[in-house]
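Read left to right, the sequence shown gives residues 9 to 289 (my numbering). We put the CB at the ideal spot given by N, CA and C, even for glycine. Computed from a predicted model, the values in this text were never measured in an experiment. To start, the structure under review is shown below, and the notes come after it.
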Amino acid sequence: MEFTVADERALIFKNKVSAKEAESIAWSKKVDAFGMVNKFTSFLSKPKDEDFKLNYSEHRYQPFWHIVVHAHYVYDRIVHHHWPVTGPEVKSITVDAKDYTVTDQHISTDATEHCEQDQHEEVLMEGIGGEKDPKLTEYLSFASQVMEGDISKYIDEKDIVVPPKARASVIVRESLSKAIKGIEADKISEETVKVEHIDLYYRPIFAFQYHWESKGKDAIVEIDGLSGKVNFGNKTFKEYMGKALDQNFLFDIGADMAGTLIPGGSIAVKLARKVIDAKKK
Numbered sequence: 009m010e011f012t013v014a015d016e017r018a019l020i021f022k023n024k025v026s027a028k029e030a031e032s033i034a035w036s037k038k039v040d041a042f043g044m045v046n047k048f049t050s051f052l053s054k055p056k057d058e059d060f061k062l063n064y065s066e067h068r069y070q071p072f073w074h075i076v077v078h079a080h081y082v083y084d085r086i087v088h089h090h091w092p093v094t095g096p097e098v099k100s101i102t103v104d105a106k107d108y109t110v111t112d113q114h115i116s117t118d119a120t121e122h123c124e125q126d127q128h129e130e131v132l133m134e135g136i137g138g139e140k141d142p143k144l145t146e147y148l149s150f151a152s153q154v155m156e157g158d159i160s161k162y163i164d165e166k167d168i169v170v171p172p173k174a175r176a177s178v179i180v181r182e183s184l185s186k187a188i189k190g191i192e193a194d195k196i197s198e199e200t201v202k203v204e205h206i207d208l209y210y211r212p213i214f215a216f217q218y219h220w221e222s223k224g225k226d227a228i229v230e231i232d233g234l235s236g237k238v239n240f241g242n243k244t245f246k247e248y249m250g251k252a253l254d255q256n257f258l259f260d261i262g263a264d265m266a267g268t269l270i271p272g273g274s275i276a277v278k279l280a281r282k283v284i285d286a287k288k289k
């Protein structure tokens with residue numbers, strides 16, 4: 009078996025939506041974020057802008073994985089074919105100058121099947137919850153930048169970088185188990201398995217937490233920094249991950265895959281200490 013593994017990469021998308029644009033969009037959608045509270049209140053009176061206060065805002069980079077595994081097989085196998093003839097009057101058949109005797113209105117012969125088989129596994133998975141989400145493919149059409157070394161070179165000081173809870177090694181193992189299949193063959197002439205992508209993407213999200221003072225309720229509006237789409241979240245970064253990140257957090261696939269099918273190298277993108285310390289404060 010020929011086995012190859014792509015370089016592990018961490019990539020980042022830069023904003024297509026400015027912070028000012030995101031704040032304006034979020035403010036226009038703040039009432040909708042309160043859901044049933046808003047629906048009930050709207051029957052009585054329409055809430056005013058002064059009823060709301062911006063409690064908190066953040067610009068975070070949220071992770072997702074893109075992993076692609078492709079397997080290709082070329083092989084031969086010998087099979088026994090059993091064919092019916094056209095009627096009881098047929099006693100023998102000649103095929104390519106070879107005679108076959110008819111038994112029970114069938115002829116039997118061995119044949120070699122020449123086979124070619126491909127297995128393609130592509131996984132797009134949210135890095136926080138670990139849910140597979142094919143819709144994430146829409147982000148792959150946006151330009152991204154490969155990050156090397158210290159991630160603080162690619163972000164602003166106040167930006168939040170959310171580490172992935174879902175591990176690449178687990179996703180790769182699952183994809184390999186689906187791609188590497190046992191094949192029934194008498195002769196295998198080609199067997200290749202390629203891990204074509206092990207990519208960790210960071211996409212930008214603006215989040216705004218509003219407080220409805222008369223109701224004593226909080227709600228969150230999220231703006232996608234690439235598409236500008238609006239989402240009503242229920243957690244900010246601190247609620248996702250706790251007050252601070254582990255200072256020793258690493259994006260390190262290679263070490264985790266030691267002793268498995270994937271040999272050699274890894275990249276390690278370490279969260280900048282100053283970013284972590286800022287979040288602690």
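- For the set 206, 197 and 120, the Cα lying nearest the Cα of residue 81 is the one of 197.
- Membership of residue 235 in any alpha helix (DSSP H) is not indicated, and neither H nor E is assigned to it by DSSP.
- Fully contained in the region 115–196 are the following beta strand (DSSP E) runs of length 3 or more, in chain order: 153–155.
- In this structure residue 70 is buried. Its beta-carbon is surrounded by 16 or more other beta-carbon atoms within 10 angstroms.
- Per the C-alpha coordinates, the member of 225, 72, 39 and 63 positioned closest to residue 56 is 39.
- DSSP places residue 61 inside the beta strand (DSSP E), whose first and last residues are 60–92.
- The beta carbons of residue 208 and residue 21 sit about 12 Å from each other, so the pair does not count as a contact at 8 Å.
- Rounded to the nearest angstrom, the Cβ distance from residue 154 to residue 17 is 5 Å, consistent with a contact under 8 Å.
- Contact between residue 114 and residue 93 holds, with the beta-carbon distance rounding to 7 Å and staying under 8 Å.
- The beta carbon of residue 19 sits closer than 8 Å to the beta carbons of 152, 153, 154, 155, 207, 208, 209 and 210 from its chain, once the five residues preceding and following it are set aside; these are given in chain order.
- Residue 73 is classed as buried because its beta carbon has at least 16 other beta carbons within 10 Å across all chains shown.
- The Cβ atoms of residue 129 and residue 189 do not sit closer than 7 Å to each other.
- According to the DSSP secondary-structure assignment, residue 11 is paired through a beta bridge with 201.
- Judged by beta-carbon spacing, residue 179 lies beyond the 7 Å limit of residue 110, meaning their Cβ atoms are not closer than that value.
- Distance between residue 162 and residue 32, taken at the CA atoms: about 25 Å.
- For residue 16, the three-state secondary structure derived from DSSP is strand.
- Taking 7 Å as the cut-off, the Cβ atoms of residue 227 and residue 27 do not count as close.
- For residue 106, the three-state secondary structure derived from DSSP is strand.
- Look at residue 42 here: in three-state DSSP terms it is helix.
- Short of 6 Å from the beta carbon of residue 76, and not among the five residues preceding or following it, lie these beta carbons of its own chain, in chain order: 130, 204 and 205.
- One thing to note: residue 173 has its Cβ within 7 Å of the Cβ of residue 136.
- Secondary structure at residue 112: coil, using DSSP grouped into helix, strand and coil.
- Pairing residue 193 with residue 66 gives a Cβ-Cβ distance that is not under 7 Å.
- Annotation for residue 64: 217 place their beta carbon closer than 6 Å to its own, counting only its chain and skipping 5 residues before and after.
- Under DSSP, the beta-bridge partners assigned to residue 239 are 230.
- Bounds of the alpha helix (DSSP H) holding residue 28 are 27–37.
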